[in-house]
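Sequence positions in the sequence shown follow my numbering and run 27 to 267. By construction, the Cβ of each residue, glycine as well, lies at the ideal position given by its N, Cα and C atoms. Small disclaimer: the values here were computed from a predicted structure and weren't measured. Only one structure is covered here, and it is reproduced in the block below.
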Amino acid sequence: MLLPALVWAVTTLIWVDHGAEAHPTAAASARRDDAADYDWGSIRCPAVNSQQTFPTPSYRTEKGLFLVCTELVINATPQEVYHALLDFQAYSAWNSFVRNVALPAEVVKTPDDVYAGLEMRFTTAGIIPLLNTTSNEIVTVMKGSFDDGGSPGEGETAPATTATQYLMAAWRYDDGLHGTASKSEHPNILVDRGDGTTLYISYETFFVGPGTLLLLPLKDTLQKQYTQQGLDLKAYVEKTI
Ligand SMILES: *[C@@H]1O[C@H](CO)[C@@H](O)[C@H](O)[C@H]1NC(C)=O
27 MLLPALVWAV TTLIWVDHGA EAHPTAAASA RRDDAADYDW GSIRCPAVNS QQTFPTPSYR
87 TEKGLFLVCT ELVINATPQE VYHALLDFQA YSAWNSFVRN VALPAEVVKT PDDVYAGLEM
147 RFTTAGIIPL LNTTSNEIVT VMKGSFDDGG SPGEGETAPA TTATQYLMAA WRYDDGLHGT
207 ASKSEHPNIL VDRGDGTTLY ISYETFFVGP GTLLLLPLKD TLQKQYTQQG LDLKAYVEKT
267 I
């Protein structure tokens, strides 16, 4: 019991410290420009038990509290995996974590009608036993080809092109409070392995904030669900193509 209590205390202190930085410094804005060149295609999941977190397209300079990450090879092209990821209407057919995705009426067919900025409501299972949970999510990145920089996130410029060939789809959690309670984002990165297969990297960074702190005890559960979701996606895509 002592270790969780310590972790809790330390993260609380980190948050208090963060709260004191009311004014962004010149150093912080400089870091922001560096982060614009982030090489998303080079991200790989850190070792289990690592405290490392990654920036996300919408939150390049925020302080990460914790990360969940899964990575596997899918025997399908990046385009095929990308299609499945954005086909939100089909999620209930394969995804044991995100059981259902509610979409606005103007979205008739996915992935065709999906756009950056689309607001969705996920119904998720397995976080709290026997209960479904819901979360509002907003599509932030749709990089569906290797050449283009993808749709920039809100207020962001397109990521710079990099040597690594990858596609990316991402969405961020919307706490309904402009991120003051909780910021997190889920990038899905699809690296072309050059042989018709894809290295799939799926992660979510939960950034420091009062709402995120409440999720910290659920980290292991969330990690399990992410791992399973990756396996579900692989099984679905490999069966479909
Ligand atoms: C959870 O959501 C799924 C998909 O919408 C639904 O089939 C299931 O009955 C729900 N379970 C509970 C306990 O509400």
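For residue i, the three-state DSSP class (helix, strand or coil)
i: V36; result: Here the model assigns V36 a pLDDT of 38, short of 50, so the residue's position is not dependable, and the following value carries that caveat. Here V36 sits in helix by DSSP.
i: D218; result: strand
i: T190; result: coil
i: H212; result: strand
i: L112; result: helix
i: L156; result: coil
i: Y262; result: helix
i: T238; result: helix
i: T224; result: strand
i: S171; result: coil
i: Y252; result: helix
i: S76; result: coil
i: T231; result: strand
i: T247; result: helix
Other residues of its chain near residue i: CB distance less than 8 Å, five sequence neighbours each side excluded
i: L248; result: V94, I153, E230 and L241
i: G235; result: W41, L91, G205, T206, A207, S208 and K209
i: F123; result: T150, A151, G152, Q251, Y252, Q254, Q255 and D258
i: C119; result: Inspection of the sequence shows that residue 119 is occupied by Ala rather than by Cys. Excluding residues within five positions, the ones whose Cβ falls inside 8 Å are Y262.
i: R219; result: V99 and L225
Cβ neighbours of residue i in the same chain (closer than 7 Å, five flanking residues each side left out)
i: D221; result: none
i: N121; result: Q255 and D258
i: I267; result: A102 and E106
i: F148; result: V124, V127, T160, S161 and E163
i: F275; result: Here the chain covers residues 27 to 267 and nothing more, so residue 275 does not appear.
i: G237; result: D201, A207 and S208
i: E264; result: I100, N101 and A102
Contacts around residue i, its chain only, beta-carbon distance under 6 Å, and the 5 residues preceding and following it disregarded
i: L111; result: A195 and N214
i: A151; result: R125 and N158
i: Q78; result: P72
i: L144; result: V165
i: K104; result: Reading off the sequence, residue 104 comes out as Pro, not Lys. Within the same chain, P104 has close Cβ partners L193, L216, D218 and T224.
Three or more C-beta pairs under 8 Å: does that hold for the region 84–101 against the region 111–128? no
Between the region 164–173 and the region 191–203, are three or more C-beta pairs nearer than 8 Å? The region 164–173 makes contact with the region 191–203: 3 or more CB pairs, one atom from each, lie closer than 8 Å.
When you get a sec, list the residues whose CB is within less than 5 Å of any heavy atom of ligand 1, chain order please. Here the list is R125, N126, T149 and N158.
Would you say the region 70–86 touches the region 194–213, given that touching needs at least three Cβ pairs under 8 Å? Three or more beta-carbon pairs separated by less than 8 Å link the region 70–86 to the region 194–213, which places the two stretches in contact.
Taking only runs of the beta strand (DSSP E) that begin and end inside the region 84–137, which ones reach a length of at least 3 residues, in chain order? For the region 84–137, the full-length beta strand (DSSP E) segments reaching 3 residues or more read 90–100 and 124–128 along the chain.
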